[in-house]
Amino acid sequence: MIHLHVPCRSDSNSWGGLYTDLQAKIDSGNWQSLGHSGFDGVMGKESQISTYTNSFLWNPGVANDFSCQFRFRHRSYESTTYVNSRHALSGERWATHLRIEEVFSNE
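Using the numbering used here, you'd call the opening residue of the sequence shown number 6 and step up by one each time.
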């Protein structure tokens, strides 16, 4: 189970906002997208301060021990969008979080 929390701010006066794409790499493999937010978060026609949150199940499909790396890729539209900035955050505990929980299956 993967949980995302991404504080962001769009200072657009027209249509603008942010796509958030979470990517993973297992061992020395290639980066693969786990999906992106689409028109969610701070997409809108006025300046917005928001936090994009999402939770989803991901099965890496690996039976043996492995190492995994994650990275975020963001794309701003029609304006400047800030992540972890210009949000009046107080301390890193309010910044971007990626939390992973292991879920066991009887299969």
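Idealized CB from N, CA, C, for every residue including glycine. Small disclaimer: the values here were computed from a predicted structure and weren't measured.
Item: Got a sec? Which residues, its chain only, sit under 6 Å from D26 by beta carbon, not counting five neighbours each side?; Value: S38, H41 and R78
Item: Out of curiosity, what's the CA-to-CA distance linking S90 and H102?; Value: 14 Å
Item: Please name the residue, chosen from V11, N64, M6 and V47, that lies closest to T85 on a Cα-to-Cα basis.; Value: V47
Item: Round the Cβ separation of C73 and A100 to the nearest angstrom and send it over; I've been treating them as touching at under 8 Å.; Value: C73 to A100, Cβ: 21 Å. No contact.
Item: Measuring CA to CA, which of P12, V11 and F109 is closest to L62?; Value: F109
Item: Specify the secondary structure class of R98 as computed by DSSP and reduced to three states.; Value: helix
Item: Less than 8 Å between C-beta atoms, sequence neighbours within five positions excluded: which residues of the same chain meet that for V67?; Value: I31
Item: So which of G96, N35, F75 and N69 has the shortest CA-CA distance to L9?; Value: F75
Item: Run the CB neighbour count on L23, radius 10 Å, all protein chains shown included, and call it buried at 16 or more, exposed below.; Value: buried
Item: Within a Cβ cutoff of 6 Å, which residues of the same chain sit near Q53, ignoring the five residues on either side of it in sequence?; Value: S15 and V47
Item: May I ask you to report which of helix, strand or coil DSSP gives F71?; Value: coil
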